[in-house]
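Scroll down for the structure; my scribbles are underneath it.
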Amino acid sequence: MVSKKPKIVIIGAGMAGLVAAHNLYRASTLSSDHLFDLCVVEGGDRIGGRINTSELNGNLIELGATWIHGIVGSPVHQIAQQIGALHSDKPWERMDGFPEDSVTAFEDGSVADPSIVDPISNLYRNLMEFAKGKKKKKNRIPPILKGMSIGEFLRRGLDEYCAQRLHHLCNLLSSDGEEAVFAMNENIERTYTGAGDLFNLDFNSEHEYQEFPGEEITIAKGYSSIIEYLASAIPLGMIHLSKKVVKVEWCVEEISVNYDGFSTPVKLHFEDGSVMEADHVIVTVSLGVLKSGIKDQHGNGMFSPPLPSFKTQAISRLGFGVVNKLFLQLNQNQNQNQVFPSLQMAFHQDNSCRDESIPWWIRRTASLLPIYNNSNVVLAWFAGKEAVELEALQDEEIIDGVSATISKFLPNSDGIHKCSNGEISGVVRSRWASDPLFMGSYSYVAVGSSGDDIDSMAKPLPISTKDGSTPPPLQILFAGEATHRTHYSTTHGAYYSGVREANRLLQHYNCAVSSELLLH
Numbered sequence: 001m002v003s004k005k006p007k008i009v010i011i012g013a014g015m016a017g018l019v020a021a022h023n024l025y026r027a028s029t030l031s032s033d034h035l036f037d038l039c040v041v042e043g044g045d046r047i048g049g050r051i052n053t054s055e056l057n058g059n060l061i062e063l064g065a066t067w068i069h070g071i072v073g074s075p076v077h078q079i080a081q082q083i084g085a086l087h088s089d090k091p092w093e094r095m096d097g098f099p100e101d102s103v104t105a106f107e108d109g110s111v112a113d114p115s116i117v118d119p120i121s122n123l124y125r126n127l128m129e130f131a132k133g134k135k136k137k138k139n140r141i142p143p144i145l146k147g148m149s150i151g152e153f154l155r156r157g158l159d160e161y162c163a164q165r166l167h168h169l170c171n172l173l174s175s176d177g178e179e180a181v182f183a184m185n186e187n188i189e190r191t192y193t194g195a196g197d198l199f200n201l202d203f204n205s206e207h208e209y210q211e212f213p214g215e216e217i218t219i220a221k222g223y224s225s226i227i228e229y230l231a232s233a234i235p236l237g238m239i240h241l242s243k244k245v246v247k248v249e250w251c252v253e254e255i256s257v258n259y260d261g262f263s264t265p266v267k268l269h270f271e272d273g274s275v276m277e278a279d280h281v282i283v284t285v286s287l288g289v290l291k292s293g294i295k296d297q298h299g300n301g302m303f304s305p306p307l308p309s310f311k312t313q314a315i316s317r318l319g320f321g322v323v324n325k326l327f328l329q330l331n332q333n334q335n336q337n338q339v340f341p342s343l344q345m346a347f348h349q350d351n352s353c354r355d356e357s358i359p360w361w362i363r364r365t366a367s368l369l370p371i372y373n374n375s376n377v378v379l380a381w382f383a384g385k386e387a388v389e390l391e392a393l394q395d396e397e398i399i400d401g402v403s404a405t406i407s408k409f410l411p412n413s414d415g416i417h418k419c420s421n422g423e424i425s426g427v428v429r430s431r432w433a434s435d436p437l438f439m440g441s442y443s444y445v446a447v448g449s450s451g452d453d454i455d456s457m458a459k460p461l462p463i464s465t466k467d468g469s470t471p472p473p474l475q476i477l478f479a480g481e482a483t484h485r486t487h488y489s490t491t492h493g494a495y496y497s498g499v500r501e502a503n504r505l506l507q508h509y510n511c512a513v514s515s516e517l518l519l520h
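Each residue of the sequence shown is one higher than the one before, starting from 1 at the first, in UniProt numbering.
What follows is the structure, encoded as structure tokens:
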């Protein structure tokens with residue numbers, strides 16, 4: 001009998017899926033008979049997943065993943081270096097790093113005094129470093145409580161700070177300014193973590209999240225250059241676009257051998273009505289898609305039979321947020337020396353002090369920044385319900401709302417430049433929540449969940465049974481940023497998960513494995 005090559009199907013052509021495919025294919029080609037029958041199925045019409053490089057007015061911009069979070073030890077940085085993606089003749093988003101000359105202003109147009117901004121920002125930074133386990137407890141920082149959220153912890157820290165200063169300063173204006181600056185920092189945190197509400201972000205799990213040392217940088221030739229490199233090592237016919245999986249059938253019991261002497265335990269059903277059989281499937285879809293896929297556990301969900309309870313409970317408990325980016329093209333002013341500043345926006349938290357002309361959906365946006373120094377393209381980040389609302393707005397509504405906001409924060413006085421109605425000529429934004437292939441941006445550990453849930457996410461199916469039955473092993477494997485306990489929400493977390501699941505299959509077939517990407 002002719003031996004059958006194991007059929008491996010990878011669902012999703014994002015970072016995790018392509019890394020897994022890259023490693024499996026390269027390992028397979030090292031054998032004389034090409035060990036695996038491998039393919040990648042992608043529901044969309046492009047590769048990259050939540051990596052999506054675009055262009056605006058000659059500038060490379062990122063609609064999805066943007067930063068290499070620490071260059072020392074980062075596999076993404078390693079690949080970017082190797083393929084020459086860190087240098088470009090074209091301008092790109094944040095090509096000069098983080099802005100250093102930002103202006104913090106209030107919505108009445110006044111500039112926040114450093115005597116308010118610096119102490120509050122330092123307080124916030126110290127609190128978050130404590131939460132991440134970087135600082136030892138001191139100065140009456142609130143104790144760690146089981147089930148506490150980051151939002152509660154931060155507010156307790158602010159209350160402690162204000163209580164200590166109460167007998168020194170009872171100025172209402174200063175107090176409101178401090179509250180506004182603290183909230184501004186919280187809004188930055190919302191975009192970092194993906195948690196639309198920091199009161200939903202678990203405190204006790206925050207210290208497990210690991211960061212690479214070194215500077216944070218963007219990729220000159222775009223994040224998509226990493227994706228293109230990974231895909232370039234895979235034969236063209238191996239990646240199938242516009243093949244959306246609607247159901248995954250798998251086996252929890254022993255299966256009989258087919259008439260041809262072979263058996264395939266997994267069947268994939270596609271939106272176009274076609275069916276594909278496989279021995280192993282690596283699922284790399286987003287946590288948002290998985291949450292949607294387990295809602296109906298009566299045979300109408302994404303998996304049949306339904307996933308076991310340990311898996312569905314982990315999927316349900318973990319958080320999955322929406323973060324969107326808004327790029328605005330500004331017309332060149334007649335005065336070429338007049339440029340848009342790096343604006344940090346401290347909104348009033350007291351409803352009675354709020355300017356009614358500023359729309360609600362921008363009030364939790366922390367900044368409007370040129371994408372690099374002197375650029376006429378500015379960027380704002382949105383998270384949570386405001387990010388969802390951004391997707392539903394018409395371009396004209398966005399232009400009107402942003403223009404109204406800018407006119408309040410940057411009145412044409414005291415040398416601060418004005419951007420009035422009509423100066424915004426272009427709008428580009430991401431729409432991660434409404435895209436059915438993603439249903440959000442990235443994961444976080446929500447209150448009520450833990451790193452154990454992330455480990456449960458990563459466990460392959462089926463699990464060992466107590467009844468002695470032996471269903472085919474490793475039918476469904478899971479990869480993606482939400483399956484990495486210490487690097488969730490990142491591209492390198494997705495990368496590591498792809499390596500992990502490729503190695504799991506290579507070990508199953510007694511092949512040599514690698515903890516690194518098999519580079520050219």
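We put the beta carbon where it would ideally sit given N, CA and C, even for glycine. Given the structure is predicted, the values throughout are model-derived calculations rather than measurements.
**Study point:** Own chain residues within Cβ distance below 6 Å of Arg431, not counting five before or after
**Key:** The sequence position of residue 431 within the sequence shown is 431, counting from 1. If we look at Arg431 and ignore the five residues flanking it on each side, its Cβ neighbours are Glu391.
Check your understanding: Hey, Tyr223 and Ile371 are a contact pair by Cβ (cut 8 Å); roughly how many whole angstroms apart?
Key -> Looking up residue 223 in the sequence shown gives position 223. Looking up residue 371 in the sequence shown gives position 371. Not really, about 14 Å apart at Cβ, beyond 8 Å.
Review point. Are the region 246 to 253 and the region 262 to 270 touching by the rule of at least three beta carbon pairs closer than 8 Å?
Key: yes
Check your understanding: Which word fits residue 521, buried or exposed, when buried means at least 16 other C-beta atoms lie within 10 angstroms of its C-beta?
Key -> Shown here, the chain extends from 1 to 520; a query on residue 521 therefore has no answer.
Practice item. Look at Val447 and Asp202 and say whether their C-beta atoms are less than 8 Å apart. Key: To locate residue 447, count along the sequence shown from 1; it is residue 447. To locate residue 202, count along the sequence shown from 1; it is residue 202. Taking the C-beta atoms as reference points, Asp202 is found nearer than 8 Å to Val447.
Point to revise | Local conformation of Val289 per DSSP, three classes | key: As a working mapping, residue 289 is identified with position 289 in the sequence shown. Three-state DSSP puts Val289 in a helix.
**Study point:** Residues bridged to Asp37 [DSSP beta-bridge criterion]
**Key:** Locating residue 37 in the sequence shown gives position 37, where the first residue counts as 1. DSSP lists Lys7 as partners of Asp37.
Review point. Between which two residues does the alpha helix (DSSP H) harbouring Gly494 extend?
Key: Looking up residue 494 in the sequence shown gives position 494. According to the sequence shown, residue 494 is Ala rather than Gly. Per DSSP, Ala494 belongs to the alpha helix (DSSP H) from 491 to 508.
Review point. In chain order, what residues of the same chain have a beta carbon less than 8 Å from the beta carbon of Gly84, not counting five sequence neighbours either side?
Key: Position 84 of the sequence shown, counting from 1, holds the residue named residue 84. These residues qualify, in order along the chain: Lys221.
Check your understanding: What span of residues does the beta strand (DSSP E) with His269 cover, start to end?
Key -> Against the sequence shown, residue 269 aligns to sequence position 269. First-last of the beta strand (DSSP E) with His269: 266 to 270.
Review point. Going by beta carbon distance, what residues of the same chain come within less than 6 Å of Ser74, once the five residues before and after it are set aside?
Key: As a first step, residue 74 is located in the sequence shown; it is residue number 74 there, counting from the start. Excluding sequence positions up to five before and after Ser74, its CB lies within less than 6 Å of the CB of Ile68, Phe212, His492, all in the same chain and listed in chain order.
Review point. Does any residue of chain B bring its CB to less than 8 Å from the CB of Ile398?
Key: Judged by its chain identifiers, the structure shown contains no chain B, having just a single protein chain.
Check your understanding: Within this structure, are the beta carbons of Ile463 and Pro306 separated by less than 8 Å?
Key -> The count along the sequence shown starts at 1 and reaches residue 463 at position 463. The count along the sequence shown starts at 1 and reaches residue 306 at position 306. No.
Exercise for review: Report yes or no: do three or more beta-carbon pairs, one from the region 148 to 163 and one from the region 314 to 326, lie closer than 8 Å?
Suggested key: no
Check your understanding: Hey, quick one: how far does the beta strand (DSSP E) through Val388 stretch, first residue to last?
Key -> Within the sequence shown, residue 388 is the residue found at index 388, counting from 1. Taken as a continuous stretch (DSSP letters only), Val388 belongs to no beta strand (DSSP E), being part of the alpha helix (DSSP H) at 384 to 392.
Check your understanding: When DSSP labels each residue in this structure, what does Gly415 get in the three-state scheme?
Key -> In the sequence shown, the residue the question calls residue 415 occupies position 415. Note that Gly415 scores 36 on pLDDT, short of 50, meaning its location in the model is unreliable; the coordinates nonetheless yield the value given after this. Three-state result, Gly415: coil.
Check your understanding: Hey, would you say Tyr482 sits closer than 8 Å to Gly498, going by beta carbons?
Key -> The residue you call residue 482 lines up with position 482 of the sequence shown. The residue you call residue 498 lines up with position 498 of the sequence shown. The amino acid at residue 482 is misidentified as Tyr; the sequence shows Ala. Contact flag unset, no.
Exercise for review: Kindly indicate the opening and closing residues of the alpha helix (DSSP H) around Lys408.
Suggested key: Taking the sequence shown and counting its residues from 1, one reaches residue 408 at position 408. Lys408 -> alpha helix (DSSP H) spans 395 to 409.
Check your understanding: Between the beta-carbon of Gly49 and the beta-carbon of Gly14, is there less than 8 Å?
Key -> Here residue 49 refers to the residue found at position 49 of the sequence shown. Here residue 14 refers to the residue found at position 14 of the sequence shown. Less than 8 Å separates the beta-carbon of Gly49 from that of Gly14.
Exercise for review: For Asp176, I'd like the list of residues in its chain whose CB is within less than 8 Å of its CB, leaving aside the five on either flank, ordered along the chain.
Suggested key: The residue you call residue 176 lines up with position 176 of the sequence shown. Within the same chain, Asp176 has close Cβ partners His348, Gln349, Asp350, Cys353.
Review point. So does Arg500 have its beta carbon nearer than 7 Å to some heavy atom of the ligand NAP?
Key: Among the components modelled here there is no ligand, and therefore nothing to report on the ligand NAP.
Check your understanding: Where Ser304 and Pro471 are concerned, what is the direct C-alpha to C-alpha distance, given to the nearest angstrom?
Key -> Taking the sequence shown and counting its residues from 1, the one referred to as residue 304 is at position 304. Taking the sequence shown and counting its residues from 1, the one referred to as residue 471 is at position 471. Distance between the alpha carbons of Ser304 and Pro471 is about 15 Å.
Review point. Do Asn204 and Ala366 have their CB atoms nearer than 8 Å?
Key: Numbered from 1 along the sequence shown, position 204 holds the residue referred to as residue 204. Numbered from 1 along the sequence shown, position 366 holds the residue referred to as residue 366. No.
Review point. Asn23: buried (16+ other C-beta within 10 angstroms of its C-beta) or exposed?
Key: Along the sequence shown, one-based indexing puts residue 23 at 23. Under this definition Asn23 is a buried residue.
Review point. Do you know how far the Cα of Pro99 is from the Cα of Ser342?
Key: As a working note, residue 342 is residue 342 in the sequence shown. As a working note, residue 99 is residue 99 in the sequence shown. So the alpha carbons of these two residues sit roughly 7 Å apart.
Practice item. Mark Thr486 as exposed unless 16 or more other C-beta atoms lie within 10 angstroms of its C-beta, in which case mark it buried. Key: Residue numbering aside, residue 486 sits at position 486 when the sequence shown is read from its first letter. By the neighbour-count rule (16 or more Cβ atoms within 10 Å), Thr486 is not buried but exposed.
**Study point:** Proximal residues to Cys162 (C-beta, below 8 Å), its chain only, five neighbours per side dropped
**Key:** The residue given as residue 162 occupies position 162 in the sequence shown. For Cys162, where only same-chain residues beyond five positions count, the Cβ hits under 8 Å are Ser175, Glu178.
Review point. Can you tell me whether Pro460 is buried or exposed, with buried defined as 16 or more other CB within 10 angstroms of its CB?
Key: Position 460 of the sequence shown, counted from the start, is the residue given in the question as residue 460. By the neighbour-count rule (16 or more Cβ atoms within 10 Å), Pro460 is buried.
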